[in-house]
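Chemist: Numbering (this note's numbering), first residue to last: 71 to 705.
Every residue gets a Cβ at the ideal spot worked out from N, C-alpha and C, and that includes glycine.
Below, the structure written as structure tokens:
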């Protein structure tokens, strides 16, 4: 299957690596340029928009602070007027009070000033003599309160103060030049910006910059004015009273009893830099795309040559060539890739050498163990066999490697052994069994272990162990026989004692020749039986320990008749007995047992089924310290 380029429909089966690189790199660069341009534009637009919105919020805060400062200063002056009236004029001195109020009206640019005591007629001073509207006085936490007269065109500011003789309220009426001067300042709002003040109903307290489309006297702005009149401060995007998209900043003003300070700036003017930025980014992106394509062509030409050389080296590595040098020419990235490729080739070479060393080590271990080892796959093919296994099977390695051994097992192993191997392979479990192979007259002990690929079989020749166990069992049977013979001889000896004793008594009481001869024969036979009994007790090792003088050669000669029946017929017993040996002291039964043990051990050492001879020699030997050291304790 041919590798498919990620360019999909653009790539064709006959395109070269260089062409595919040009297309791929060009697509990547163009995509990256477009993505970066989009990210840059969106980020810049966000920064510009957030900056414009933030500027509107700053202007709204500034207008609120200026209004509060203006009203606070005016309240301080009004409070001073009230204090002056309270101190300098009596309540009934209307001319005095009106003079003070005229001065206050002139200083505040008001058309009229009204001072009212609670439960007293108000005093009006100024050019405008129209009556003031009745309105609630401002609350204690308010700086002032804006109300309108009957015409709806004039607004008043009420300032209250509580003196010792009751509550005094002073009211100013004028054109609100001071307040308008605050909101006529459009610094920071560009060419389209404006600020204005509304009362708690949403009606204009200061004149808007633009006429309303319907001549409405209210700044009806939907959610923005509604949110502000409920006591919220914010900057939002929406449509103003003109129906034009604007940035709206509003601040609720509880200091005048509710109302809003509104700041507008057209979105078209505020966000104009983003349109210029978009055009700049488009031009830069086109230029970068052209440069990127040109660089992609050049880069593809420069990188394709070393990559082709690396491709050829990879093919040689696939073929098993781990030693050829890796070309390291080209750009730094290509050289880095070449160095990495060279390191990979070295790593593969080292891994292969390590694997070969590991295989050699495993082979050395399997060849050095004393057991025979055969590795079988799941199809019973011999994958490996060590030297010991070839010796045990009497076959060469070439005859077994790669061969299916199931038929060989069926022909040469018993049904039980074959079934055990089949069970180990089928159930994936360890099996152990012993097998006698008649053609070799040998016993084999076999352990088989399941592996990932098949079965690992270990075998060893246990013929010598089997024979040793058999000899051990024979020795134990002989020991049992000796115990039995000792018991029988002991009881039989008791019977012989009675027979010999009774026959001896009868011999003394019967001098007649025929009877006496018969009795003498009985006594002689009994004595012979007693001697035989002593020999049985000596064989069993249960004879009484009685020291008496005896001739060692005669004792060996007598014992040889008994021991002759205890050794195999293939072993000849020879005696080389010295005559005229000095008499020695010893227990006859114990010495006979020693002689019998020496002869039987010598016969067993020859081996079952083998011919040989055991020679017993007696002689006179002088034993001194030097002889003992040289014979029994040599250095």
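#1: Is residue 330 helix, strand or coil when you go by DSSP?
#2: If I measure Cβ to Cβ from residue 448 and keep anything under 6 Å in the same chain, skipping five residues before and after, which residues do I get?
#3: Does the Cβ-Cβ distance between residue 626 and residue 688 come in under 8 Å?
#4: List the endpoints of the continuous beta strand (DSSP E) containing residue 478.
#5: How would you label residue 542, buried or exposed, when you count the other beta carbons within 10 angstroms and need 16 or more for buried?
#6: Looking at residue 129: is its Cβ nearer than 8 Å to the Cβ of residue 314?
#7: Output the distance between the C-alpha atoms of residue 347 and residue 114, rounded to the nearest integer angstrom.
#8: Apart from the five residues just before and just after residue 344, which ones in its own chain have a Cβ nearer than 6 Å to its Cβ?
#9: Which same chain residues end up closer than 7 Å to residue 467 when comparing Cβ atoms and leaving out the 5 residues on each side of it in sequence?
#10: Between the C-alpha atoms of residue 481 and residue 440, what's the straight-line distance to the nearest angstrom?
#11: Threshold first: 3 residues or longer. Then list the beta strand (DSSP E) segments lying entirely within the region 256–282, N to C.
#12: Looking at residue 450 and residue 425, is the spacing between their C-beta atoms short of 8 Å?
#13: Where does residue 441 fall in DSSP's three states?
#14: Provide the residue span of the beta strand (DSSP E) that contains residue 687, from first to last.
#15: Measure from the alpha carbon of residue 148 to the alpha carbon of each residue in 463, 335, 196, 175, then state which is nearest.
#16: Could you please give me the residues that DSSP links to residue 309 through a beta bridge?
#17: Looking at C-beta atoms only, is the number of pairs between the region 563–579 and the region 587–596 that lie closer than 8 Å three or more?
#18: Just confirm the distance between the C-beta atoms of residue 101 and residue 362, as a whole number of angstroms; I'd bet it's less than 8 Å.
#19: What would DSSP say about residue 700, mapped onto helix, strand or coil?
#20: Note down the Cα distance separating residue 617 from residue 653, rounded to an integer number of angstroms.
#21: Where does residue 446 land, buried or exposed, given buried means 16+ other C-beta within 10 angstroms?
#22: Beta carbon of residue 293: closer than 7 Å to some heavy atom of the ligand GTP?
#23: Whose C-beta lies closer than 7 Å to the C-beta of residue 597 among residues of the same chain, with five residues either side of it excluded?
#24: Measuring straight from C-alpha to C-alpha, what distance separates residue 337 and residue 165?
#25: Could you tell me if residue 697 is buried or exposed, where buried requires 16 or more neighbouring beta carbons within 10 angstroms of its beta carbon?
#26: With distance defined between alpha-carbon atoms, name the residue in 546, 657, 685, 701 nearest to residue 692.
#27: Distance check for residue 280 and residue 339, CA to CA, integer angstroms please.
#28: In or out: residue 410 buried (at least 16 other Cβ within 10 Å) or exposed?
#29: Taking the Cβ atom as the reference point for each residue, do residue 184 and residue 194 lie within a distance shorter than 8 Å?
#30: Going by C-alpha to C-alpha distance, which of 275, 589, 306 sits closest to residue 121?
#31: In three-state terms, what does DSSP make of residue 521?
#32: In whole angstroms, what separates the C-alpha of residue 603 from that of residue 557?
#33: By a C-beta neighbour count over all protein chains shown, 10 Å radius and 16 as the cutoff for buried, is residue 145 buried or exposed?
#34: Spatial neighbours of residue 655 within its chain, please: C-beta separation below 8 Å, excluding the five flanking residues on both sides.
#35: In this structure, does DSSP put residue 504 in helix, strand or coil?
#36: At what residues does the alpha helix (DSSP H) containing residue 656 begin and finish?
Modeler: The structure says:
#1: Within the chain shown, numbered from 1, the residue matching residue 330 stands at position 260. Three-state result, residue 330: strand.
#2: Residue mapping note: residue 448 aligns to position 378 of the chain shown, counting from 1. If we look at residue 448 and ignore the five residues flanking it on each side, its Cβ neighbours are 524.
#3: Translated into positions along the chain shown, residue 626 becomes position 556. Translated into positions along the chain shown, residue 688 becomes position 618. It is a contact, given that the beta carbons lie within the stated cut-off.
#4: Along the chain shown, one-based indexing puts residue 478 at 408. Here residue 478 belongs to no beta strand (DSSP E); instead the alpha helix (DSSP H) covers 476–482.
#5: Mapped onto the chain shown, residue 542 falls at position 472. With fewer than 16 other Cβ atoms inside 10 Å of its own Cβ, residue 542 counts as exposed.
#6: Numbered from its first residue, the chain shown carries residue 129 at position 59. Numbered from its first residue, the chain shown carries residue 314 at position 244. No, these two residues do not count as a Cβ contact at 8 Å.
#7: The residue given as residue 347 occupies position 277 in the chain shown. The residue given as residue 114 occupies position 44 in the chain shown. So the alpha carbons of these two residues sit roughly 8 Å apart.
#8: Along the chain shown, one-based indexing puts residue 344 at 274. The answer, listed in chain order, is 115, 118.
#9: Here the question's residue 467 lines up with position 397 in the chain shown. The answer, listed in chain order, is 455, 460.
#10: If you number the chain shown from 1, residue 481 lands on position 411. If you number the chain shown from 1, residue 440 lands on position 370. Roughly 26 Å separates the two Cα atoms.
#11: The region 256–282 contains these whole beta strand (DSSP E) runs: 264–268.
#12: In the chain shown, residue 425 corresponds to position 355, counting from 1. In the chain shown, residue 450 corresponds to position 380, counting from 1. For the pair residue 425 and residue 450, the CB atoms are not nearer than the 8 Å cut-off.
#13: Working through the chain shown from its first residue, we reach residue 441 at position 371. Taken through DSSP and simplified to helix, strand or coil, residue 441 comes out as coil.
#14: Here residue 687 refers to the residue found at position 617 when the chain shown is read from its first residue. Looking at the DSSP string, the run of the beta strand (DSSP E) that includes residue 687 is 682–687.
#15: Residue 148 sits at position 78 when you count from the first residue of the chain shown. When each option's Cα is compared against that of residue 148, the closest is 175.
#16: As a position in the chain shown, residue 309 is number 239, starting the count at 1. In the DSSP assignment, residue 309 forms a beta bridge with 315.
#17: Contact annotation: the region 563–579 touches the region 587–596, with at least three C-beta pairs closer than 8 Å.
#18: As a working note, residue 101 is residue 31 in the chain shown. As a working note, residue 362 is residue 292 in the chain shown. Taking a contact as a CB-CB distance under 8 Å, the pair residue 101 and residue 362 does not count as one, their CB atoms being some 10 Å apart.
#19: If you number the chain shown from 1, residue 700 lands on position 630. Of the three classes helix, strand and coil, the one that applies to residue 700 here is helix, per DSSP.
#20: Walking along the chain shown from the start, residue 617 turns up at place 547. Walking along the chain shown from the start, residue 653 turns up at place 583. Rounded to the nearest angstrom, the two C-alpha atoms are 12 Å apart.
#21: Locating residue 446 in the chain shown gives position 376, counting from the first residue. Burial call: buried.
#22: Of the ligands one can find in the structure shown there are none, so the ligand GTP has no counterpart to examine.
#23: Walking along the chain shown from the start, residue 597 turns up at place 527. Apart from sequence neighbours up to five positions away, the residues of its chain that approach residue 597 with a beta-carbon distance below 7 Å are 570, ordered along the chain.
#24: The count along the chain shown starts at 1 and reaches residue 337 at position 267. The count along the chain shown starts at 1 and reaches residue 165 at position 95. Taking the straight line from one Cα to the other gives about 57 Å.
#25: As a working note, residue 697 is residue 627 in the chain shown. Exposed, by the Cβ-count rule.
#26: Counting from one through the chain shown, the residue named residue 692 turns up at place 622. Comparing Cα-Cα distances from residue 692 to each of 546, 657, 685, 701, the minimum goes to 701.
#27: Here residue 339 refers to the residue found at position 269 when the chain shown is read from its first residue. Here residue 280 refers to the residue found at position 210 when the chain shown is read from its first residue. Distance between the alpha carbons of residue 339 and residue 280 is about 16 Å.
#28: Within the chain shown, numbered from 1, the residue matching residue 410 stands at position 340. Exposed, by the Cβ-count rule.
#29: Here residue 184 is taken as the residue at index 114 of the chain shown, counted from 1. Here residue 194 is taken as the residue at index 124 of the chain shown, counted from 1. One thing to note: residue 184 has its Cβ within 8 Å of the Cβ of residue 194.
#30: Looking up residue 121 in the chain shown gives position 51. The shortest C-alpha separation from residue 121 is found at 306.
#31: Walking along the chain shown from the start, residue 521 turns up at place 451. Three-state DSSP puts residue 521 in coil, outside helix and strand.
#32: For the purposes of this step, residue 603 is identified with residue 533 of the chain shown, where counting begins at 1. For the purposes of this step, residue 557 is identified with residue 487 of the chain shown, where counting begins at 1. Here the C-alpha atom of residue 603 lies approximately 11 Å from the C-alpha atom of residue 557.
#33: For the purposes of this step, residue 145 is identified with residue 75 of the chain shown, where counting begins at 1. Burial is judged here by how many other beta carbons sit within 10 angstroms of a residue's own beta carbon; residue 145 has at least 16 and is buried.
#34: Looking up residue 655 in the chain shown gives position 585. Answer for residue 655: 617, 618, 619, 620, listed in chain order.
#35: Start at 1 with the first residue of the chain shown, and residue 504 comes out as number 434. In the three-state reduction of the DSSP assignment, residue 504 falls in the strand class.
#36: In the chain shown, counting from the first residue as 1, residue 656 sits at position 586. For residue 656, there is no enclosing alpha helix (DSSP H); the residue is found in the beta strand (DSSP E) stretching over 654–657.
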